[in-house]
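Sequential numbering of the sequence shown, starting at 1, is according to the working numbering.
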Amino acid sequence: MDKGKKILVSGVKPTARQHIGNYFGALRQFMELSEQYESYIFIADYHALNFVQNAKELEQNVVDIALDYLAVGLDPKKVTLFKQSDVPEVTELCWIFDTITTMPYLARAHAYKDASTKGKEASVGTFNYPMLMAADILIQDADVVPVGQDQKQHVEYARDTAEKFNRIFSAKGGSAFSGGEIFKLPEPMILTEVAVVPGIDGRKMSKSYGNTIELFASDEEIKNKVMSIVTDSGEGIPKNVYALHKLVRSESELKSLYENKKGKYQELKEALADDLMNFIRPLREKREKLAQNKEAVLEILKSGGARARSRTASKMSAVRHAVGVELY
Ligand code: TYM
Numbered sequence: 001m002d003k004g005k006k007i008l009v010s011g012v013k014p015t016a017r018q019h020i021g022n023y024f025g026a027l028r029q030f031m032e033l034s035e036q037y038e039s040y041i042f043i044a045d046y047h048a049l050n051f052v053q054n055a056k057e058l059e060q061n062v063v064d065i066a067l068d069y070l071a072v073g074l075d076p077k078k079v080t081l082f083k084q085s086d087v088p089e090v091t092e093l094c095w096i097f098d099t100i101t102t103m104p105y106l107a108r109a110h111a112y113k114d115a116s117t118k119g120k121e122a123s124v125g126t127f128n129y130p131m132l133m134a135a136d137i138l139i140q141d142a143d144v145v146p147v148g149q150d151q152k153q154h155v156e157y158a159r160d161t162a163e164k165f166n167r168i169f170s171a172k173g174g175s176a177f178s179g180g181e182i183f184k185l186p187e188p189m190i191l192t193e194v195a196v197v198p199g200i201d202g203r204k205m206s207k208s209y210g211n212t213i214e215l216f217a218s219d220e221e222i223k224n225k226v227m228s229i230v231t232d233s234g235e236g237i238p239k240n241v242y243a244l245h246k247l248v249r250s251e252s253e254l255k256s257l258y259e260n261k262k263g264k265y266q267e268l269k270e271a272l273a274d275d276l277m278n279f280i281r282p283l284r285e286k287r288e289k290l291a292q293n294k295e296a297v298l299e300i301l302k303s304g305g306a307r308a309r310s311r312t313a314s315k316m317s318a319v320r321h322a323v324g325v326e327l328y
């Protein structure tokens, strides 16, 4: 891996098929940024345990996400692709963070608030979600964390936690790390034009809203989804159709198309479906090819995991030392 470059860390939960919101909000950014940053991209299987409690399903989801990344062009020689659980130290660090974090502070996190406003009894894992995420980010010394808008708050939690830890434990007398700060403060990185990719109902595209268009959808699925996009009777330009269309075609081209077909919602939807099909087809075909060699995919994850884990040894030693549990 390139030394001297800034470090990028990001993750995705293996809970469902990837949708185009994940792609434009996250995956595509990872590809572009991997030229510039030393990149660590992981599949957050421990986070997913809050949602998927079936071993076979989780295993399959992890392989699926790895395939997704590889199919959209992630080069495992340039990017360390791994699964979260191959760096078990994140759970240790998460525990240490728990001890310096208050319940009222965590109760303000979106994921927990969402679960509790829906009247669900949230699991401790859901409540604690931002601390595991802070551990993912801080253990790797991330400079930047590219995420969609919905994860921004979580990255802020990671920053706050780094600051708090540094304040409490760094520079304490006598340690090998005295005078130094243990954690770097990470920055969220959000591409504004795709900060929120809307779903077919106009709300944020999200697995939990059931309004997604899958990234590797078949032509048939794409057509059906696009035709069911909710439109309003606005100015002749269907807002939700346009917002998705501009992800796959330049706005200058769209300007004349939407001008010529003002009010013709059916035709505009057909144009969007065609553009999406052309965009998705080569990705889907590449993914099908890669899926024929599952062993190769597992090997990529395994070596990525070993690389990511080896980086955490000195950080964890510094942390253990700083908090007073590393006696020998
Ligand atoms: P997850 O799996 O929900 O989403 C993965 C990434 O996709 C982005 N995203 C979107 N962006 C724009 N529009 C949308 N409609 C949309 N839907 C999803 C998300 O913002 C995210 O960047 N908690 C994280 C996983 C995680 C993580 C981390 C991320 C665990 N540890 C450490 C970064 C750093 C999650 O659930 O993402």
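Backbone N, C-alpha and C fix where the C-beta goes; we use that ideal spot for every residue, glycine too.
**Request:** Note down, in chain order, each residue of its chain lying with its Cβ closer than 8 Å to the Cβ of Ile137, except the 5 sequence neighbours on either side.
**Result:** So the list reads Val9, Val145, Val155, Ala158, Pro186, once near-sequence residues are dropped.
- request: Take Glu57 as the anchor and find which of Asp45, Val319, Asn278 has the nearest alpha-carbon.
  value: Asp45
Would you mind listing the alpha helix (DSSP H) stretches within the segment 69–102 that are 4+ residues and don't spill past its ends, in chain order? 89–98
TODO: For Gln29, I'd like the list of residues in its chain whose CB is within less than 7 Å of its CB, leaving aside the five on either flank, ordered along the chain.
DONE: Pro146, Leu191
Practice task
Check whether the Cβ atoms of Leu257 and Ala273 lie closer than 8 Å to each other.
Solution key: no
Practice prompt. Could you check how far apart the C-beta atoms of Phe42 and Gly11 are, in whole angstroms? I think they sit under 8 Å.
Written response: Contact annotation, Phe42 with Gly11: C-beta distance approximately 5 Å; criterion of less than 8 Å satisfied.
**Asked** Near Asn278, which residues of its chain fall below 7 Å by C-beta distance, leaving aside the five closest residues on each side in sequence?
**Response** Sequence-distant Cβ neighbours of Asn278 in its own chain, meaning closer than 7 Å and more than five residues away, do not exist here.
inquiry  = Contact between the segment 88–101 and the segment 47–54 is defined here as three or more beta-carbon pairs at a separation below 8 Å; is this criterion met?
reply    = no
message = According to DSSP, simplified to helix, strand and coil, what is Ile43?
response = strand
- If you count every other CB in all the chains shown that lies within 10 Å of the CB of Asp148, and 16 or more means buried, which is it? Here the sequence assigns Gly to residue 148, which means Asp is not the residue at that position. By the 10 Å Cβ count, Gly148 comes out buried.
Report task. Just mark Asp75 as buried or exposed, buried being the case when its beta carbon has 16 or more other beta carbons within 10 Å. Result -> exposed
Q.
I'd like to check one pair, Pro238 with Tyr265: are the Cβ atoms closer than 8 Å?
A. yes
Measure the C-alpha to C-alpha separation of Arg17 and Gly324 and round it to an integer number of angstroms.
43 Å
8 Å Cβ cutoff met for Val230 and Gly263:
no
| query | Would the C-beta of Gly21 count as close to the ligand TYM, meaning under 7 Å from any of its heavy atoms? | reply | yes
Check your understanding: Among Phe127, Ser250, Tyr40, Glu35, which has the Cα closest to the Cα of Gly305?
Key -> Comparing Cα positions, the closest option is Tyr40.
message: By the DSSP assignment, the alpha helix (DSSP H) with Pro282 in it spans what residues?
response: 265–290
For Ala318, verify whether its CB is less than 7 Å away from any heavy atom of the ligand TYM.
-> no
- Alpha-carbon to alpha-carbon, Arg309 and Asp232: 50 Å
query = Who pairs with Leu298 in a beta bridge, going by DSSP?
reply = DSSP output for Leu298 lists no bridge partner at all.
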